[in-house]
Amino acid sequence: MTMFVEVAFPISSYKQFTYQVPDELRDKIQIGIRVKAPLGKRTIIGIIVSKFSKSDFSGKIKYIKELVDDLPVMDKHLWALAQWMSEYYFTPLGKVANAILPKNLSAKYTPPITNMVSFKSFGEHHEALKKQAPAQEKVLEFLSKQTGAVPVAGLKALVSYPSAICKALCEKELVELDIIINLPDVTGFTFSPIYKEIKFTAEQQKTNQSLYKKLSANEFSSILLHGVTGSGKTEIYIELVRKVLSMDKSAILLLPEIALTPQIAGRFRAVFGDKVALWHSKLSTSARAWTWKQICANEFKVVIGARSAVFAPLKNLGAIIIDEEQEHSYKQESPAPRYHTRDVALMRGKLHKAVVVMSSATPSLESYYNHIQGKHIYLRLNERFGGAPYPHVHIVDMINEQEETGKYQDVISGILQRKMEERFAKGEQVILLQNRRGFAPILRCGDCGTVETCKQCEVALTYHSHGRFLKCHFCGYETHQISTICNKCKSINLKLLGVGTQKVEELIQKTFPNISIARLDMDTAKSGKSLTRILEKFSLGETQVLIGTQMIAKGLDFDKTTLVGIINGDTGLFLPDFRSGEKTFQLIYQAAGRSGRRKTGEVVIQTFNPENPVIKHASRLDLKTYYNIALSERQELNYPPFSWMIRIEIEGKNRELVASTSNKIKRSLSRPFRGLEILGPANCYRERLRGKYRMHIIMKSDKTYDHNGLKMHKYLNKNILSGHWNKTPSEIRIHIDVNPVSVL
Ligand code: ADP
Ligand code: ZN
Ligand code: ZN
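Okay, so the sequence shown: first residue is 620 according to this note's numbering, each after it adds one.
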């Protein structure tokens, strides 16, 4: 009997293709196995979606060439997840499979091993051994005095051929040989294990019990864990995972960026040892493949990682924890599928009947709203561990400040400077947040106002003083040729304006020449290792000030930091995006949370808009009031979480073509249903990026009429399938972004 299969490829077509299976492969064919098959003139890898014995396809049916895997690379839950993602995010299944699976699962990787040896007994012929094999005796004698196993290679100082000698001893059954597998690439990304004695407070205990109850129910539940900064959320995760393992289940811990939170990984390592796998982008292809297969083989029970760890092929999943769930790095922007890790985690939790814990001191407005709507269980931690009070917050009105001092260029206010002096005198540490890297964001002509911009992206280039170059932070373009005259009016009056982390560093160094400074931003933290080193040095007190972008605002836990300065609280506040207020609030609140985690700390927020509700409520650490204001604003404009949003971006090199295609698509989206709004087409905020013009159409579907967003989904699907969109010119790219985190 002939066998047919349907194969999905990682291409942008929604079609799946039918193939025949050669007889010799028939027994091995299963859904979820990857195969090589001819497509057009090429042979590419795809994944088997279904198999059947009859095909009503009338043309000539080609044969698949060979199998890539001998076992399905996804179990039924992951497979169901992939299918859901394909539909939900309007992405062909083959592309989704690509996002989930490591590139090459058959890449050979042998993790480094260490040979270990330990003492067993002196045996019956100890005296004889002394005479016949003195080297063996010497090793045996040494081992008898050790408490456990030692590395064989470590015996080199004792004898010349330790491995041969240990082997001989092992044959006589006097010692035992063993191997330790060293996990790939782990060391660079974590602090060493951090051991701690934990005694839970009453509030923490209550939380633990609630989580345990949900876990024991063996059914899906979604939980919003809202705990103030320093309330011990990490310890709560550890306790939950402990319970998960005791039930013989497994767990995933998702972190916004694994390298930024080495302390959390370090704590997990101390408690769970080598049951923990780290999953991150810096693992080599082969180490990834190895880790994936080890997870499949049940060798790891806990996976810690950034967004793609949500796909870790763990069996019997009991819990998924999402730390700092409001973080935008949980959203994959490109390539498709443009998924949000939180939504995928919730869906995966449903499939596995697991608990999904969304955790934060500043939940996303979405999750907060869902909790108010009764969609999540809400657990609250109100107290900082150790009873440290909230920091005192001072707002500095930079307009008044500058009028008083007359120094309009001042970056550091008098108050902030004085407070820093006080802290240094006491041997305490300071964190300064400046959410812009580089030296001065822009180079502007003092006469005509022209700003030096990137030719590809039309955004201002940032000046970097180390190495003296201009850089575009969107496309990465760099130039060392910095002109000294204005391109437009030929004036020589060029000025560096604005403040980046490098400039703050320079100013602090000038003011406090004896203080050592660490700077943390995308420029200094290129590799995970250098990042960890910067953080470790600060935690050991080798540096006194840590200056950084938003990278320093979250998750970090330093005992001696008692002052946090926010150089410009207004950064990002006025970007034309419906989430800019929420984002700024969360950043200030989180940064403030780094201060005084053991004893009373202070926060200084410098702002030009002290009356702005975001700044005002953030400075009072009054989350509830601000969230209520933000929610009523969103409701008024029918933005998420009150509506579902889908953004269609049209991108291409030719401006007219982008515009005409956008208009065509808009016209094809006629006859909307009640509660659906279609905005645009309009130019994106960053109209040109990487040399391409960008326009977008934004669809909003009111939740009152479209309860779960299905109406809009169906509607859009029908339009895509109707074929209108296939006729778009080939140089135009259309991206569909479901639940975009930003419309910039
Ligand atoms: P959060 O993630 O909520 O900001 P952390 O989990 O980092 O807070 O906890 C703050 C600090 O307090 C950490 O150093 C943590 O180890 C410690 N801590 C929290 N709870 C306890 C506890 N019950 N016993 C001992 N130390 C604790
Ligand atoms: Zn000029
Ligand atoms: Zn650019």
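C-beta atoms are modelled at their ideal positions from N, C-alpha and C, and glycine is treated no differently.
Quick one, which of the options has its alpha-carbon nearest residue i's?
| i | options | result |
| --- | --- | --- |
| LEU1194 | SER1361, LEU1080 and ILE1061 | SER1361 |
| ILE857 | PRO1359, ILE719, VAL976 and GLU1255 | VAL976 |
| ASP1241 | ILE1207, SER1214, ALA955 and PHE1227 | ILE1207 |
| ARG722 | SER927, ARG1239 and LEU1308 | The question names Arg, yet the displayed sequence has Lys at residue 722. Of the listed residues, the one whose Cα sits closest to LYS722 is SER927. |
| ARG1352 | GLY1184, HIS1332 and VAL1277 | VAL1277 |
| LEU1308 | GLY1299, ARG1274 and TYR1334 | ARG1274 |
| ASN1302 | LEU1139, ALA1079, GLU1268 and MET866 | GLU1268 |
| MET735 | LYS901, SER782, LYS714 and ASN1282 | SER782 |
| ASN1257 | VAL1118, PHE1197 and ARG1063 | PHE1197 |
| ASN917 | THR1143, ASP694 and ILE1186 | ASP694 |
| PHE839 | GLU952, ALA973 and LYS825 | ALA973 |
| GLN1036 | THR1130, ARG967, CYS915 and TYR1009 | THR1130 |
| SER979 | LEU874, PHE891 and SER779 | LEU874 |
| GLY665 | LEU690, PHE676, ASP689 and PHE636 | PHE636 |
Mind checking residue i: buried by the 16 CB within 10 Å criterion, or exposed?
| i | result |
| --- | --- |
| LYS932 | Contrary to the premise, residue 932 reads as Pro rather than Lys in this sequence. Buried, since its Cβ has 16 or more Cβ neighbours within 10 Å. |
| THR904 | exposed |
| LYS994 | exposed |
| ASP962 | buried |
| THR1323 | exposed |
| VAL1123 | buried |
| ALA1044 | exposed |
| THR809 | Its pLDDT being 48, under 50, THR809 is placed unreliably in this model, and the coordinates cannot settle the point. |
| ASN717 | buried |
| THR806 | Reliability fails at THR806, whose pLDDT of 40 lies under 50, so the model's placement of it is uncertain and the value that follows must be treated cautiously. THR806 is exposed by the Cβ-count criterion. |
| TYR949 | buried |
| ARG645 | exposed |
| ARG1286 | exposed |
| GLU756 | buried |
| SER779 | exposed |
For residue i and residue j, I'd like the C-alpha separation in whole angstroms.
| i | j | result |
| --- | --- | --- |
| GLY849 | ASP1176 | 8 Å |
| ALA747 | GLY773 | 26 Å |
| GLN649 | LEU1159 | 54 Å |
| ARG999 | HIS845 | 5 Å |
| PRO1359 | ASN1247 | 22 Å |
| LYS1074 | ASN1106 | 13 Å |
| ILE732 | ASP797 | 10 Å |
| LEU697 | LYS832 | 26 Å |
| VAL794 | SER763 | 9 Å |
| LEU1192 | GLN1225 | 13 Å |
| GLU643 | LYS681 | 15 Å |
| PRO1348 | LYS1202 | 37 Å |
| ILE1069 | PRO1060 | Checking the sequence, you will find Thr at residue 1069 rather than Ile. Spanning the two alpha carbons is a distance of roughly 14 Å. |
| TRP898 | THR910 | 8 Å |
| TYR958 | GLU854 | 29 Å |
| PRO657 | LYS684 | 7 Å |
| ARG1253 | LYS673 | 53 Å |
| HIS1011 | ASN1019 | 21 Å |
| GLY1220 | HIS1315 | 45 Å |
| ALA754 | GLN951 | 60 Å |
| THR1181 | GLU1040 | 12 Å |
Regarding residue i and ligand 1, is the C-beta to nearest heavy atom distance less than 6 Å?
| i | result |
| --- | --- |
| GLY1167 | no |
| GLU854 | yes |
| ILE923 | no |
| GLY1215 | no |
| ILE1127 | no |
| GLY846 | yes |
| ASP1176 | yes |
| PHE819 | yes |
| SER850 | yes |
| PHE1004 | yes |
Using a Cβ cut-off of 7 Å (strictly closer), state whether residue i contacts chain D.
| i | result |
| --- | --- |
| ILE991 | Absent here is chain D; the protein component of the structure consists of one chain. |
#### Entry: 3 or more residues per run - each beta strand (DSSP E) lying fully within the stretch 1137-1166
For the stretch 1137-1166, not one full-length beta strand (DSSP E) segment reaches 3 residues or more.
### Query
Fully enclosed by the stretch 1191-1236, which alpha helix (DSSP H) runs are 4 residues long or longer?
Those alpha helix (DSSP H) runs which fall completely within the stretch 1191-1236 and span 4+ residues are 1199-1211.
### Query
Going along the chain, which unbroken runs of the alpha helix (DSSP H) with 4 or more residues stay wholly within the stretch 775-862?
If only uninterrupted alpha helix (DSSP H) runs of at least 4 residues are considered, those enclosed by the stretch 775-862 are 781-790 and 821-835.
### Query
Curious, which full-length alpha helix (DSSP H) runs of at least 4 residues does the stretch 1239-1308 contain?
If we require 4 residues or more, the alpha helix (DSSP H) runs fully inside the stretch 1239-1308 come out as 1242-1256 and 1274-1287.
### Within the stretch 657-689, ranges of the alpha helix (DSSP H) (whole runs, at least 4 residues)
Runs found: none.
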